[in-house]
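Numbering (mature numbering (1 follows the signal peptide of the UniProt record, and there is no 0)), first residue to last: -18 to -1, 1 to 184. These notes are about the structure you will find just below.
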């Protein structure tokens, strides 16, 4: 009987932890939509080169519904892929190229270590990730997830680490993925990504 109580407690604890991550994700999304987040927006060309970079506070990203496609009855048949981005009291309209928003406190290790690495950016294989991880391993201990973001042609452009990582799809913003990394928001628009369990990289 005691064994079943322990198992039940472990299952309940797991559900609470999962729920906490979901609740954190909900509140982070609410904060972003109504108050905005401090962080950095970068856009990239197909070769993973930075086109522009905007840093600011109160950043919020939405779909520009002026470009929604509607049917004869006025119902939305295809949601707009045009982003309406609020940065403080200013506005940015973006569509097409890859965009990443990282909340203040997140580190893009590709940007941090890129200049010191001798790598072939066309190398999309797991050995590239292994080499990258080995170089960063001393900076972090006990990492659970590695997120490798790639441009639309498959070139690596950003790398993030987190102990607790979850993903979600924002309502009404096509081609976009929300990630929550240790309580911080990462938004990826028009890019490929892979989330690796770091145990695979040891």
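C-beta atoms are modelled at their ideal positions from N, C-alpha and C, and glycine is treated no differently. No experiment lies behind these values; they were computed from the predicted model shown.
Residue 151 and residue 80 - do their beta-carbons sit closer together than 8 Å? At a Cβ-Cβ threshold of 8 Å, residue 80 and residue 151 do not count as neighbours.
Meets three-Cβ-pair contact criterion under 8 Å: the region 61 to 70 and the region 140 to 149: The region 61 to 70, when compared against the region 140 to 149, does not touch it at the 8 Å Cβ threshold.
What is the rounded straight-line gap between the Cα of residue 40 and the Cα of residue 84? Their Cα atoms are separated by approximately 13 Å.
By how many angstroms is the C-alpha of residue 161 removed from the C-alpha of residue 153? One alpha carbon belongs to residue 153, the other to residue 161, and they sit about 14 Å apart.
Per DSSP, cross-strand counterpart(s) of residue 38: Answer is 21.
Can the beta-carbon of residue 44 be found less than 8 Å from the beta-carbon of residue 155? For the pair residue 44 and residue 155, the CB atoms are nearer than the 8 Å cut-off.
Starting from residue 68, trace the beta strand (DSSP E) in both directions and tell me its first and last residue. Segment 65 to 69, the beta strand (DSSP E) holding residue 68.
Where residue -10 sits in the DSSP three-state scheme: With a pLDDT of 40 at residue -10, under the threshold of 50, the predicted position of this residue should be treated as unreliable, though the coordinate-derived value follows. It is helical.
As a quick exercise: from 46, 87, 157, 28, pick the residue whose alpha carbon is nearest that of residue 142. With distances taken between Cα atoms, residue 142 lies closest to 87.
How long is the line joining the alpha carbons of residue 5 and residue 13, rounded to whole angstroms? So the two alpha carbons sit approximately 12 Å from each other.
Residue 72, enclosing beta strand (DSSP E) - first and last residue: Its beta strand (DSSP E) spans residues 72 to 76.
Give every residue of the same chain whose Cβ lies closer than 7 Å to the Cβ of residue 164, excluding the five residues on either side of it in the sequence, and list them in chain order. Cβ neighbours of residue 164 beyond the five flanking positions: 144, 145, 146.
Per the DSSP calculation, residue 47 is bridged to which residue(s)? The partner list for residue 47 (beta bridge, DSSP) is empty, contrary to what the question assumes.
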